[in-house]
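Asker: Protein chains in written order, with the numbering used here: chain A, 17 to 272; chain B, 717 to 1098. All residues carry an ideal CB built from backbone N, CA and C; glycine is no exception. Quick caveat, the model's predicted, so the values are computed rather than measured. Right, I'll just put the structure down here and ask away after.
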Ligand SMILES: Cc1cc2nc3c(=O)[nH]c(=O)nc-3n(C[C@H](O)[C@H](O)[C@H](O)COP(=O)(O)OP(=O)(O)OC[C@H]3O[C@@H](n4cnc5c(N)ncnc54)[C@H](O)[C@@H]3O)c2cc1C
């Protein structure tokens, strides 16, 4: 079974976020960059499925030169090969342009299953996976917390609104991975050394004969979430007195 | 001149860091408080490749350079001194002598399991009467046909009484040289040999989830095949082992300093007094600036020593300097780190007190700071 995993390089969620001077993005210099945690889950699932069904796992990422590091991590975890899609710097591309490019590349590749993270922790779009499936005209099963491949079909348990929906689709299909699907492995030292010998192919966007299509979404501004204001502790000797103070405070705040 | 690590070394740092943050950090405090060695965690450390990094793949190692190994120890120490001790002693003192001086049969027999983190091996040099003065060893081995009979005891031996300990390299006196000085030989004593007892030492101040043992040899009969290298090589083997071991203790100082510094920096930005983060007070900011500077110096010194070793150049003087400087740097950093935390720094919930305690061993183990100064002063011709 041939599996492609879409991975994205994102800032570690522990990173202190700083807004760029033009307020249209965040500053990434000095930030620790990691593989999107949901993509790690997707990759882990692909590796487990490979152990059962054989075949190869290919990690695919769109980005600049530094993105190769993330692909090497995927290889160190156990992916067999990696593809870097260049010419699409994130920021200038919206989810739609990105998905269109990834789909265009995937058309040139034999695959049975595409796995992607349900979301990326940096811009929280939830879009690229499903859009790729649409462009490719293949079924998509999102928010998977269990994945089973059998008899040319994939069955997923999907976590939806506190319920579990069991859905099945014929391969080739696209599945997006949700928290709880598995516990991703750590890259081992042996894996890292093997990764140095595995191939990373670079594909430029120009070579993909994409239809014209400018980004349709433009980021106007990025702001930090407002800091939470300090709470109010109601003072008073007796419960009655405290209740009075509370009612007055609520009235002053226009809440009553 | 090139101050960059290779891509592979950077990836190893990233991988060990993720592992240490994900698997060690959540249990470090708990294991410390319970004074409990964890075989499970040791096996996990073996799975990601923390044992045998410098050992050839032929024996189950990773075939990497010494710099990579030191980066590994440093990243574990950034999170927890005890686990770093298990790794550093397991490699430098356990695996090292077997790999560098063992016979082919000995390597085949022991190394694969040790490199997988499924077993641990100790290094028995220190005795109740022989600490800094390693020449004061009193343990003896007397030949009897194809066997040697060991008598004596060892103390403070890391990794030697855990549920997965397989054996210990023991230095013993095996006769006298022409000048009357003792001749030393190292023996590979396996757990289970009759007359050999290993007892875990409890109630330590630091490295509380690292296993430390007291060993007793009561007419232990060791087959000839368990001599490490040749009869009479013992002293030389021990000195060589300690040179390498110093680098790993240095890595523990460096990593521990980095970990404590990061905790202090984070806390200084968050904690407010007099209406502003305490990190805005120059008295606090200067402490952190000193920490950052000293850690940078320590890192450069230690990596240079490792680089010399990898290049097969003399590195012994720098190894002693690196061990001493990294340990003392961590001493100053943990002192600042606790101070910056104020009263909370003394409480277990904040983790920084563990770094404070764990540091003290680094001034004492594998040659005290005084002994390092003796070594360095000899190298500079005093
Ligand atoms: C947790 C732990 C783990 C250890 N693990 C191991 C292990 O795996 N294997 C092993 O063999 N050993 C191990 N050790 C032992 C350690 O290496 C010794 O404790 C150390 O070498 C010091 O010896 P000592 O404790 O007998 O102190 P002493 O040698 O008695 O020293 C006492 C003091 O006198 C000073 N001093 C001694 N001689 C001189 C001198 N000539 N000039 C100036 N000052 C001097 C020392 O610096 C020190 O300050 C471990 C120790 C601990 C605590």
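Counting only Cβ pairs nearer than 8 Å, list the residues of chain A close to residue 1011 of chain B.
Answerer: Residue numbering aside, residue 1011 of chain B sits at position 295 when the second chain is read from its first letter. None at all; the shortest Cβ gap to chain A is about 17 Å.
Asker: Distance, Cα to Cα, residue 911 of chain B vs residue 853 of chain B?
Answerer: Stepping through the second chain from its first residue, residue 911 of chain B is reached at position 195. Stepping through the second chain from its first residue, residue 853 of chain B is reached at position 137. Between residue 911 of chain B and residue 853 of chain B, the C-alpha separation is close to 19 Å.
Asker: Taking the beta strand (DSSP E) that residue 1024 of chain B belongs to, which residues open and close that run?
Answerer: Against the second chain, residue 1024 of chain B aligns to sequence position 308. No beta strand (DSSP E) holds residue 1024 of chain B; the alpha helix (DSSP H) holding it covers 998 to 1026.
Asker: Compare the Cα-Cα distances from residue 806 of chain B to each of B:756, B:881, B:745 and report the closest residue.
Answerer: Taking the first residue of the second chain as position 1, residue 806 of chain B is located at position 90. Considering only alpha carbons, the answer is B:881.
Asker: Any idea which residues DSSP pairs residue 968 of chain B with across the strands?
Answerer: In the second chain, counting from the first residue as 1, residue 968 of chain B sits at position 252. Beta-bridge pairing links residue 968 of chain B to no other residue.
Asker: So, does the CB of residue 162 of chain A fall closer than 8 Å to a CB anywhere in chain B?
Answerer: Numbered from 1 along the first chain, position 146 holds the residue referred to as residue 162 of chain A. Not an interface residue.
Asker: Tell me whether residue 874 of chain B is buried or exposed, calling it buried when 16 or more other Cβ atoms sit within 10 Å of its Cβ.
Answerer: The sequence position of residue 874 of chain B within the second chain is 158, counting from 1. Per the 10 Å Cβ criterion, buried.
Asker: Please report how far the alpha carbon of residue 784 of chain B lies from the alpha carbon of residue 967 of chain B, in whole angstroms.
Answerer: Taking the second chain and counting its residues from 1, one reaches residue 784 of chain B at position 68. Taking the second chain and counting its residues from 1, one reaches residue 967 of chain B at position 251. Looking at the two C-alpha atoms, the distance is approximately 11 Å.
Asker: Comparing the CB of residue 1080 of chain B with every heavy atom of ligand 2, is any distance shorter than 7 Å?
Answerer: Absent from the structure shown: ligand 2. Ligands present: ligand 1.
Asker: Taking C-beta to C-beta, are residue 1075 of chain B and residue 948 of chain B nearer than 8 Å?
Answerer: Taking the second chain and counting its residues from 1, one reaches residue 1075 of chain B at position 359. Taking the second chain and counting its residues from 1, one reaches residue 948 of chain B at position 232. Their beta carbons are not under 8 Å apart, which means residue 1075 of chain B does not touch residue 948 of chain B by this criterion.
Asker: With H, G and I counted as helix, E and B as strand and the rest as coil, what does DSSP make of residue 947 of chain B?
Answerer: Sequence index remark: in the second chain, residue 947 of chain B carries index 231 (1-based). Of the three classes helix, strand and coil, the one that applies to residue 947 of chain B here is coil, per DSSP.
Asker: May I have a chain-ordered list of the alpha helix (DSSP H) segments no shorter than 4 residues that lie completely inside the stretch 126 to 212 of chain A?
Answerer: Counting only runs of 4 or more, we get 144 to 152, 205 to 211.
Asker: Do residue 663 of chain B and residue 987 of chain B have their C-beta atoms closer together than 8 Å?
Answerer: Residue 663 of chain B cannot be examined here, being either before or after the span of chain B that is shown, 717 to 1098.
Asker: Can you give me the Cβ contacts of residue 219 of chain A inside the same chain, cut-off strictly under 8 Å, excluding the 5 residues immediately before and after it?
Answerer: By one-based count along the first chain, residue 219 of chain A stands at place 203. Cβ within range, chain order: 99, 100, 101, 102, 121.
Asker: Between residue 1024 of chain B and residue 1034 of chain B, which are expected to be in contact by the criterion C-beta below 8 Å, what is the C-beta distance as a whole number of angstroms?
Answerer: Within the second chain, the letter at position 308 stands for residue 1024 of chain B. Within the second chain, the letter at position 318 stands for residue 1034 of chain B. With 8 Å as the limit, residue 1024 of chain B and residue 1034 of chain B qualify as a contact, their Cβ atoms being about 6 Å apart.
Asker: Starting from residue 734 of chain B, find everything on chain A with Cβ-Cβ shorter than 7 Å and list it in chain order.
Answerer: Within the second chain, residue 734 of chain B is the residue found at index 18, counting from 1. Under the 7 Å cutoff, chain A gives 202.
Asker: Closest to residue 943 of chain B by CA distance: which of B:902, B:1043, B:936, B:976 is it?
Answerer: In the second chain, residue 943 of chain B corresponds to position 227, counting from 1. Answer by Cα proximity: B:902.
Asker: Could you check where the alpha helix (DSSP H) with residue 55 of chain A kicks off and where it finishes?
Answerer: Position 39 of the first chain holds residue 55 of chain A. Counting along the chain, the alpha helix (DSSP H) containing residue 55 of chain A begins and ends at 53 to 69.
Asker: Using the beta-carbon count (16 or more within 10 Å), is residue 887 of chain B buried or exposed?
Answerer: Within the second chain, the letter at position 171 stands for residue 887 of chain B. Flag for residue 887 of chain B reads buried.
Asker: From the DSSP output, in three-state form, read off residue 1083 of chain B for me.
Answerer: For the purposes of this step, residue 1083 of chain B is identified with residue 367 of the second chain, where counting begins at 1. Correct three-state label for residue 1083 of chain B: coil.
Asker: Check the Cβ of residue 778 of chain B against every Cβ in chain A and list those closer than 7 Å, keeping chain order.
Answerer: Residue 778 of chain B sits at position 62 when you count from the first residue of the second chain. Here the neighbours are 205, 206, 209.
Asker: Any heavy atom of ligand 1 closer than 7 Å to the CB of residue 955 of chain B?
Answerer: Within the second chain, the letter at position 239 stands for residue 955 of chain B. Checking the Cβ of residue 955 of chain B against ligand 1 gives no.
Asker: Checking the sheet assignment: what are the DSSP bridge partners for residue 923 of chain B?
Answerer: As a working note, residue 923 of chain B is residue 207 in the second chain. According to DSSP, which records beta bridges pairwise, residue 923 of chain B is partnered with nothing at all.
Asker: Beta-carbon within less than 7 Å of residue 114 of chain A's beta-carbon, same chain only, minus the 5 sequence neighbours each way: which residues are those?
Answerer: Indexing the first chain from 1 puts residue 114 of chain A at position 98. Taken in chain order, the residues that qualify are 78, 104, 144.
Asker: Flag residue 765 of chain B as yes if its beta-carbon sits less than 8 Å from any beta-carbon of chain A, otherwise no.
Answerer: The sequence position of residue 765 of chain B within the second chain is 49, counting from 1. By this cut-off, residue 765 of chain B is an interface position.
Asker: Excluding the five sequence neighbours on either side, which residues of its own chain have a C-beta within less than 7 Å of the C-beta of residue 53 of chain A, listed in chain order?
Answerer: Your numbering for residue 53 of chain A matches position 37 in the first chain. These residues qualify, in order along the chain: 137.
Asker: Closer than 7 Å by C-beta to residue 923 of chain B: which residues in its own chain qualify, once you throw out the five before and the five after it? Chain order, please.
Answerer: What you label residue 923 of chain B is simply residue 207 of the second chain in a count that begins at 1. Answer for residue 923 of chain B: 797, 798, 801, 1074, 1077, listed in chain order.
Asker: Would residue 877 of chain B and residue 804 of chain B be called neighbours here (beta carbons separated by less than 8 Å)?
Answerer: Residue numbering aside, residue 877 of chain B sits at position 161 when the second chain is read from its first letter. Residue numbering aside, residue 804 of chain B sits at position 88 when the second chain is read from its first letter. The answer is no: Cβ separation not under 8 Å.
Asker: Any beta-carbon of chain B closer than 8 Å to the one on residue 64 of chain A?
Answerer: Residue numbering aside, residue 64 of chain A sits at position 48 when the first chain is read from its first letter. It does not: the Cβ of residue 64 of chain A has no partner Cβ on chain B nearer than 8 Å.
Asker: So does the stretch 162 to 173 of chain A actually touch the stretch 205 to 214 of chain A, counting three or more Cβ pairs closer than 8 Å?
Answerer: Judged by Cβ distances under 8 Å, the stretch 162 to 173 of chain A makes no contact with the stretch 205 to 214 of chain A, as fewer than three pairs qualify.
Asker: Could you tell me the alpha carbon to alpha carbon distance between residue 833 of chain B and residue 969 of chain B, rounded to whole angstroms?
Answerer: Position 117 of the second chain holds residue 833 of chain B. Position 253 of the second chain holds residue 969 of chain B. Cα-Cα distance, rounded: 23 Å.
Asker: Using a threshold of 8 Å, state whether the C-beta atoms of residue 736 of chain B and residue 92 of chain A are closer than that.
Answerer: To locate residue 736 of chain B, count along the second chain from 1; it is residue 20. To locate residue 92 of chain A, count along the first chain from 1; it is residue 76. Result no, Cβ atoms of residue 736 of chain B and residue 92 of chain A do not sit closer than 8 Å.
Asker: Give me the residue from A:179, A:59, A:95, A:46 with the minimum Cα distance to residue 72 of chain A.
Answerer: The sequence position of residue 72 of chain A within the first chain is 56, counting from 1. Nearest option by C-alpha distance: A:95.
Asker: I'd like the list of long-range same chain contacts for residue 222 of chain A, defined as Cβ closer than 7 Å, with 5 residues on each side in sequence excluded.
Answerer: Residue 222 of chain A sits at position 206 when you count from the first residue of the first chain. So the list reads 103, once near-sequence residues are dropped.
Asker: Between the stretch 63 to 71 of chain A and the stretch 172 to 187 of chain A, do three or more beta carbon pairs fall short of 8 Å?
Answerer: Output reads no: the stretch 172 to 187 of chain A does not touch the stretch 63 to 71 of chain A.
Asker: So, for residue 775 of chain B: in the same chain, excluding its five sequence neighbours on each side, which residues have a beta-carbon less than 8 Å away from its beta-carbon?
Answerer: On the second chain, residue 775 of chain B is found 59 positions in, with the first residue counted as 1. Excluding positions up to five away in sequence, the list reads 768, 815, 823, 824, 827, 828, 831.
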